[in-house]
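K.L.:
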Amino acid sequence: MILGYTAAQVRAAEQPLLESGPAGALMERAAFALAVRVGRLLRERRGRVRGSAVVLLVGPGNNGGDALHAGAELARRGARVLAVLTSTRAHDAGLAALVAAGGRVVTVVGEDGVPPAGAGGAEPVWLGDAIAEASACDVVLDGLLGIGARGGLRGEAAELVLLLAELLADDAPGGPAVVAVDTPSGVGVDDGAVAGPLLPADLTVTFGAAKAGLLLPPASGVVGQVEVVDLGLDLVGRTPAVARLERDDVAALWPVPGASAQKYSRGVLGVVAGTAAYPGAGVLTVSGAVRGGAGMVRYLGPPGVTAAVLSARPEVVAGEGRVQAWALGPGVDPHDRVQADRVRDVLGEALVQGLPVVVDAGGLSLLPGRVPPWVVLTPHAGELADLVSVRTDEEVGRAAVEAEPLRWARRARELTGATVLLKGPTTVVVGVHDAVYAQADGPAWLATAGSGDVLTGLLGALLAGRAADVLEDPTLAAALAAAAALVHGRAAERAQPGGPVSALAVADALPAEVAAVLDGRGAR
Ligand SMILES: NC(=O)C1=CN([C@@H]2O[C@H](COP(=O)(O)OP(=O)(O)OC[C@H]3O[C@@H](n4cnc5c(N)ncnc54)[C@H](OP(=O)(O)O)[C@@H]3O)[C@@H](O)[C@H]2O)[C@@H](O)CC1
Ligand SMILES: [K+]
Numbered sequence: 001m002i003l004g005y006t007a008a009q010v011r012a013a014e015q016p017l018l019e020s021g022p023a024g025a026l027m028e029r030a031a032f033a034l035a036v037r038v039g040r041l042l043r044e045r046r047g048r049v050r051g052s053a054v055v056l057l058v059g060p061g062n063n064g065g066d067a068l069h070a071g072a073e074l075a076r077r078g079a080r081v082l083a084v085l086t087s088t089r090a091h092d093a094g095l096a097a098l099v100a101a102g103g104r105v106v107t108v109v110g111e112d113g114v115p116p117a118g119a120g121g122a123e124p125v126w127l128g129d130a131i132a133e134a135s136a137c138d139v140v141l142d143g144l145l146g147i148g149a150r151g152g153l154r155g156e157a158a159e160l161v162l163l164l165a166e167l168l169a170d171d172a173p174g175g176p177a178v179v180a181v182d183t184p185s186g187v188g189v190d191d192g193a194v195a196g197p198l199l200p201a202d203l204t205v206t207f208g209a210a211k212a213g214l215l216l217p218p219a220s221g222v223v224g225q226v227e228v229v230d231l232g233l234d235l236v237g238r239t240p241a242v243a244r245l246e247r248d249d250v251a252a253l254w255p256v257p258g259a260s261a262q263k264y265s266r267g268v269l270g271v272v273a274g275t276a277a278y279p280g281a282g283v284l285t286v287s288g289a290v291r292g293g294a295g296m297v298r299y300l301g302p303p304g305v306t307a308a309v310l311s312a313r314p315e316v317v318a319g320e321g322r323v324q325a326w327a328l329g330p331g332v333d334p335h336d337r338v339q340a341d342r343v344r345d346v347l348g349e350a351l352v353q354g355l356p357v358v359v360d361a362g363g364l365s366l367l368p369g370r371v372p373p374w375v376v377l378t379p380h381a382g383e384l385a386d387l388v389s390v391r392t393d394e395e396v397g398r399a400a401v402e403a404e405p406l407r408w409a410r411r412a413r414e415l416t417g418a419t420v421l422l423k424g425p426t427t428v429v430v431g432v433h434d435a436v437y438a439q440a441d442g443p444a445w446l447a448t449a450g451s452g453d454v455l456t457g458l459l460g461a462l463l464a465g466r467a468a469d470v471l472e473d474p475t476l477a478a479a480l481a482a483a484a485a486l487v488h489g490r491a492a493e494r495a496q497p498g499g500p501v502s503a504l505a506v507a508d509a510l511p512a513e514v515a516a517v518l519d520g521r522g523a524r
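Numbering-wise (UniProt numbering), the sequence shown opens with residue 1 and increments by one.
#1: Does the Cβ of Gln-225 have 16 or more other Cβ atoms within 10 Å, making it buried, or fewer, making it exposed?
#2: Is Leu-214 near Thr-183, with beta carbons less than 8 angstroms apart?
#3: For Ala-90 and Pro-197, what's the separation of their Cα atoms in angstroms?
#4: Would a C-beta distance cut-off of 8 angstroms place Ala-53 and Pro-217 closer than the cut-off?
#5: By Cβ distance below 6 angstroms, which residues in the same chain neighbour Ala-243 in space, the five residues on each side in sequence not counted?
#6: For Leu-74 and Ala-195, what's the separation of their Cα atoms in angstroms?
#7: From Val-297 to Gly-442, what distance separates their C-alpha atoms?
#8: Once the 5 residues before and after Ala-33 are set aside, which same chain residues still bring their CB inside 6 angstroms of it?
#9: What residue does the beta strand (DSSP E) around Ala-438 start on, and which one ends it?
#10: Give the range of the alpha helix (DSSP H) segment to which Trp-408 is assigned.
#11: So, under 8 angstroms CB-CB, Leu-328 and Val-359 are touching, yes? Tell me the CB distance rounded to an integer number of Å.
#12: Are the beta-carbon atoms of Lys-423 and Gly-452 separated by less than 8 angstroms?
#13: Any chance the CB of Pro-184 is under 7 angstroms from a heavy atom of ligand 1?
#14: Inspect the beta-carbon positions of Leu-421 and Val-432 and report whether they are closer than 8 angstroms.
#15: Check Thr-456 in the structure and name its three-state DSSP category.
#16: Can you say whether Gly-304 is buried or exposed, counting buried as having 16 or more other CB atoms within 10 angstroms of its CB?
#17: DSSP puts Arg-494 in a beta bridge; with which residues?
#18: According to DSSP, simplified to helix, strand and coil, what is Arg-524?
#19: Any chance you could list the alpha helix (DSSP H) runs of at least 4 consecutive residues sitting entirely within the stretch 119-161, in chain order?
#20: Grouping DSSP H, G and I as helix and E and B as strand, with all else coil, what is Ala-483?
#21: Is the distance from the Cβ of Gly-331 to the Cβ of Ala-273 below 8 angstroms?
#22: Using 8 angstroms as the threshold, is the C-beta distance between Thr-475 and Ala-412 below it?
#23: For a test of the three-state rule: what should DSSP assign to Glu-227, helix, strand or coil?
#24: Check for me: the beta strand (DSSP E) holding Met-296 runs from which residue to which?
#25: What span of residues does the alpha helix (DSSP H) with Leu-328 cover, start to end?
#26: Taking the C-alpha atoms as reference points, what is the distance between Gly-499 and Ala-12?
#27: Going by the beta-carbon positions, is the gap between Lys-211 and Ile-147 smaller than 8 angstroms?
#28: Count the other C-beta atoms from every protein chain shown that fall within 10 angstroms of the C-beta of Gly-103, then say buried if there are 16 or more, exposed otherwise.
#29: Could you compute how far the alpha carbon of Leu-127 sits from the alpha carbon of Leu-203?
#30: Please determine whether the Cβ atom of Ala-30 lies at a distance below 7 angstroms from any heavy atom of ligand 1.
#31: Between the C-alpha atoms of Gln-9 and Leu-233, what's the straight-line distance to the nearest angstrom?
#32: Taking Cβ to Cβ, would you say Gly-267 is nearer than 8 angstroms to Gln-324?
#33: Can you look up Ala-180 in the DSSP assignment and give me helix, strand or coil?
#34: Would you call the stretch 367-383 and the stretch 396-412 touching, i.e. three or more CB-CB distances under 8 angstroms?
#35: Identify the residues that DSSP records as bridge partners of Arg-80: which are they?
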């Protein structure tokens, strides 16, 4: 599991080490680890460090200090290192180390043609020249701002990043790799906000612990690969702001049949999904459940959809019967009276009986006022915006939710009482005790019609398989939702690595992905 902490938590954990060790020791360790990682990247890209070109973007604080010390180490290994200062201040010891190692230092000339006062004798260069150097080098280190950032980038740094990011986005492959020092500069370190220009990173080397904002959307989309440098911080007892499950965590959560299992004990899922207008949603939801490992699936819907469901998945049983959990809503048009009433009735009955439920798509507008946390909502941004708007006098749109997914997922949880899984390139889950998960497991190709229906069925199967546990410990609902997001995302990658994938193909890849997750663990 990757745990994400706030800037304040990391600073508090650093404090004892700063007090007990020699001045600058922690930064030197951080910078050395960064240099080693960048050295590996240079060897991958150029075959060697010696002779490669590295440009450091250096801000006024310790984040710039990290970049300068790492640059000094790379210069000692033979790289040609250029530091571009964007501020009147820069980390003194870092600057001295870089210059002593043979690195060059320039400072960006402002719009008025005057170098920033106090830029310490560094050679002035035009912004355009600095950008040209950066776009032509092998690796750019973004050390403008780290956990001391307040808001998005400003001033010269903002302009430099805006223009360089545009240039690199347009450029053919072969441009520099971008390594973010601790965080891509200017992201919301605690909340993943993106409030200004950013240089998307190929790799983020973060110190002491992952920062929450690196895991949370929208910033999670610009961090690239994240590597945590262990600085020996003691974070025991500090509750992380966000968690990201990895395969091993999912293996520990997954219901695996024991030797005496039978289909009923493994968990029966009831599904109400699909209407005459959207019959495929019924097929996809039950496919997610069957392929995801439900002991049995019961389907309730109009005759035409039932026929389509049974023809696609002969394992499904049509009609009512005992179930351990429900999956409701995919392809259900709330104006289709019969199917909408069925969703309402089933939901009401499930709440009385205390059964876990997944509610998706059309089912979201059929929810009663408050539900328990073992009801899991699975909206996308537009659906979540509607849910919040209908229940409050706040006018929330899809774009607002996409800009601050965690904030709005929390709001939806407050308003409904449900566990909320907000789908997106990074899926955010908010559960009991404000437990937050952020999963970024699927390829962008997964944004395809019907993939959410498969997730609903898969999560339903998981809740059915662990229904008794979820009722006893409702915190589990959020963990299972995050686990379903991981398996769903990786199944998409498995179905068609690097290429387009259909929703049914994602469902069909679920068994192999579940097997891969469970590889090496015993039965529950
Ligand atoms: N503690 C340690 O020992 C270790 C720390 N480490 C490293 O230190 C980093 C934190 O360093 P930090 O605290 O100096 O803050 P940092 O992120 O460099 O920025 C602060 C400066 O930026 C400015 N500024 C703020 N917002 C701005 C904006 N929007 N746009 C423009 N400017 C803005 C702000 O200006 P001010 O607000 O003061 O006017 C201030 O001058 C951390 O991320 C990690 O890399 C590691 O080496 C491990 C050991
Ligand atoms: K940075």
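Just so it is clear, CB atoms sit at the ideal spot from N, CA and C, and this is done for glycine as well. Every value quoted in this text rests on a predicted model; they were computed, and no experiment measured them.
P.N.:
Once the coordinates are examined:
#1: Sixteen is the threshold: since fewer than 16 other Cβ atoms of the shown chains lie within 10 Å of the Cβ of Gln-225, the residue is exposed.
#2: yes
#3: 21 angstroms
#4: no
#5: Met-1, Leu-3, Tyr-437
#6: 32 angstroms
#7: 26 angstroms
#8: Val-229
#9: 436-439
#10: Note, Trp-408: alpha helix (DSSP H), 405-416.
#11: Indeed they touch by this definition, with Cβ atoms about 5 angstroms apart.
#12: In this structure, Gly-452 lies closer than 8 angstroms to Lys-423 by Cβ.
#13: no
#14: No, they are not a contact pair.
#15: helix
#16: exposed
#17: DSSP, once it has assigned bridges, lists no residue as partnering Arg-494.
#18: Annotation note: pLDDT 47 at Arg-524 (below 50); position unreliable, coordinate value reported separately. DSSP places Arg-524 in coil when its eight states are reduced to three.
#19: Qualifying alpha helix (DSSP H) stretches, in chain order: 127-136.
#20: helix
#21: Yes.
#22: no
#23: Strand.
#24: Element bounds for Met-296: 296-300.
#25: From DSSP, Leu-328 is part of no alpha helix (DSSP H) but of the beta strand (DSSP E) over 325-328.
#26: Linking Gly-499 to Ala-12 through their CA atoms gives a straight-line distance of about 44 angstroms.
#27: yes
#28: buried
#29: 25 angstroms
#30: yes
#31: Approximately 10 angstroms between the Cα atoms of the pair.
#32: yes
#33: strand
#34: yes
#35: Ala-53
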